[in-house]
Amino acid sequence: MDFDKEKESIAQEINRLRSEGKSVFTSSSFQTHSIPLLHILSEIDHTIPVYFLNTGFHFAETIAFKHEIEALLGINVIDLHSGVEKIFQKDEMGRFFYASDTSYCCHINKVLPMEQVLKTHDVWVAGVRKDQNSNRSQFAEFEEGSHGTLRYHPILDWTSKDIFEYRSKYNLPENPLEKEGYLSVGCEPCTTKFIDEFGRSGRWQGTKKDECGLHVDLVKK
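176 is the number of the first residue of the sequence shown in the numbering used here; add one for each residue after it.
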């Protein structure tokens, strides 16, 4: 892949959208595969808001890595928190929803906070890729999102190999949990180590769930 051309194309799209008066932002989970897009956007404009859904259940390593990348790229990271206090994130048996209702846990900790961002911005630059799962394989480069927003997927056709080669070219670090066998890193209670060849199989083990809802509920049906 010609990364220089890719970067130029992404920059042209971002600048076109902004020239039309649109407010642009991105989000990141600060997994290893998230870093190339953040690097590209930082070179276009390091002040573009980068929203991180801080659920309160992340690995300490992910939080530390977030701070490392923020300093390395000089990006503007903004933490988003759920409006539902942790004391109210439990079922009638006293179990946290991540243990009894993972979809609802994702809804109140990820989907609802992100909805507030969509209400104040025009374009969500999302780093989803077709090779990640069957849902994302159906995405187009541009999709209509919730609350009248536009979703822009600039690295949609990139592969895991492209991500690796980009990181190697620009000497970008990896989330330290990857070396421990976590190839898909989310909230600690819902993340297990590598199981098979599918990168996201380490999330929500034992269920059919492979999305937290951000790229399902916040796409216009």
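For glycine and all other residues, C-beta sits at the position ideal for the given N, C-alpha and C.
Should residue i and residue j be called a contact, given that it needs their Cβ atoms to be closer than 9 Å?
| i | j | result |
| --- | --- | --- |
| Pro348 | Glu243 | yes |
| His322 | Lys294 | yes |
| Leu213 | Thr222 | no |
| Lys197 | Val298 | yes |
| Glu363 | Phe232 | yes |
| Phe189 | Val199 | The sequence given here places Ile at residue 189; Phe does not occur at that position. A contact, by the Cβ cut-off of 9 Å. |
| Leu287 | Gly258 | yes |
| Tyr341 | Pro211 | yes |
| Val252 | His390 | no |
| Phe178 | Lys344 | yes |
Quick one: Cα of residue i to Cα of residue j, how far?
| i | j | result |
| --- | --- | --- |
| His195 | Ser312 | Rather than His, the amino acid found at residue 195 in this sequence is Glu. If you take the alpha carbons of Glu195 and Ser312, they lie about 29 Å apart. |
| Arg193 | Gln187 | 10 Å |
| Glu353 | Lys180 | 29 Å |
| Ser203 | Phe271 | 24 Å |
| Thr207 | Ser278 | 24 Å |
| Trp379 | Cys280 | For Trp379, the pLDDT reaches just 47, beneath the cut-off of 50, and the residue's location in the model is therefore unreliable, although a value from the coordinates is still provided. Computed Cα separation, rounded: 12 Å. |
| Phe373 | Ala315 | Confidence in Phe373 is poor, its pLDDT being 46 and thus under 50, which makes the residue's placement too unreliable to answer from. |
| Ser217 | Asn310 | 28 Å |
| Ile250 | Lys241 | 10 Å |
| Asp276 | Glu183 | 43 Å |
| Arg191 | Ser335 | 28 Å |
| Ile215 | Asn350 | 18 Å |
| Gln307 | Trp333 | 10 Å |
| Ile338 | Ala301 | 15 Å |
| Thr324 | His296 | 7 Å |
| Glu267 | Phe234 | 26 Å |
| Phe263 | Gly361 | 21 Å |
| Ser209 | Lys395 | 23 Å |
| Tyr273 | Met176 | 39 Å |
| Glu355 | Asn346 | 20 Å |
| Gly269 | Glu245 | 36 Å |
| Leu238 | Ile219 | Checking the sequence shown, residue 238 turns out to be Ile, not Leu. If you take the alpha carbons of Ile238 and Ile219, they lie about 25 Å apart. |
Checking the sheet assignment: what are the DSSP bridge partners for residue i?
| i | result |
| --- | --- |
| Leu228 | Leu255 |
| Val298 | Val199 and Leu325 |
| Cys362 | His233 |
| Gly320 | Val394 |
| Phe271 | Lys265 |
Does the ligand GDP have even one heavy atom less than 8 Å from the beta-carbon of residue i?
| i | result |
| --- | --- |
| Ser321 | Here there are no bound small molecules, and the ligand GDP is not part of this structure. |
Touch check for the segment 224-233 and the segment 318-334: three-plus C-beta pairs under 8 Å? At 8 Å Cβ cutoff, the stretches do not touch.
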